[in-house]
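Q: Residue numbers (the UniProt record's numbering): 1 to 197.
Using N, Cα and C, we set each Cβ at its ideal position, and we do this for glycine too.
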């Protein structure tokens with residue numbers, strides 16, 4: 001990069017000569033620096049330094065990632081399911097959030113671990129209490145869509161202090177649940193970005 005910064009635009013042959021390497025040996029390194037965005041190349045002109053920092057490149061990459069790239073399968077239950085059955089579903093599916101649907105299959109509510117824990121502390125018969133009594137309801141549910149930027153969805157998770165967002169699609173009947181986005185999904189995206197660097 002220093003050679004390109006000081007001499008750019010410069011051909012691959014010229015860089016290889018300065019490093020006493022063959023062009024073939026250097027080709028993978030130049031390809032990585034170009035794909036990462038540190039260098040750019042123009043046919044019959046050569047390589048030149050883009051002037052972008054690692055932070056700028058990371059920001060650019062983040063703005064290319066959408067929710068659909070890292071979403072996972074939602075765990076959905078019906079509004080008339082008992083609190084006991086919801087606890088069992090959450091345990092068996094190993095998730096921290098359940099999405100609740102109405103009779104038409106659209107988003108009606110969200111159940112978190114906290115909601116279920118709060119309900120189980122009292123002396124209520126958990127098999128007799130339906131989840132629609134304790135769930136968070138619309139319009140108090142934060143949602144996202146597949147085409148939203150992942151960074152914007154991550155901000156929602158932080159701002160609302162929640163573990164998961166339902167990914168929805170608007171239909172005539174209401175909001176259809178098409179996926180979920182969790183803090184784990186966002187973490188996977190950052191790890192993947194770091195591994196690409």
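Can you check whether the CB of residue 76 is closer than 8 angstroms to the CB of residue 153?
A: Taking 8 angstroms as the Cβ cut-off, residue 153 and residue 76 do not qualify as a contacting pair.
Q: How long is the line joining the alpha carbons of residue 188 and residue 99, rounded to whole angstroms?
A: 22 angstroms
Q: Tell me where the alpha helix (DSSP H) around residue 11 begins and ends.
A: No alpha helix (DSSP H) holds residue 11; DSSP gives it neither H nor E.
Q: Could you tell me which residues DSSP pairs with residue 166 in its beta bridges?
A: 180
Q: Tell me residue 112's beta-bridge partners as DSSP assigns them.
A: 97
Q: Would the beta-carbon of residue 174 fall within 8 angstroms of that of residue 126?
A: no
Q: Give every residue of the same chain whose Cβ lies closer than 7 angstroms to the Cβ of residue 194, excluding the five residues on either side of it in the sequence, and list them in chain order.
A: none
Q: Out of 50, 169, 18, 6, which has the shortest C-alpha to C-alpha gap to residue 143?
A: That would be 169, whose Cα lies nearest to the Cα of residue 143.
Q: Which residue wins for smallest C-alpha separation from residue 4, given the options 35, 118, 36, 46?
A: For the set 35, 118, 36, 46, the Cα lying nearest the Cα of residue 4 is the one of 46.
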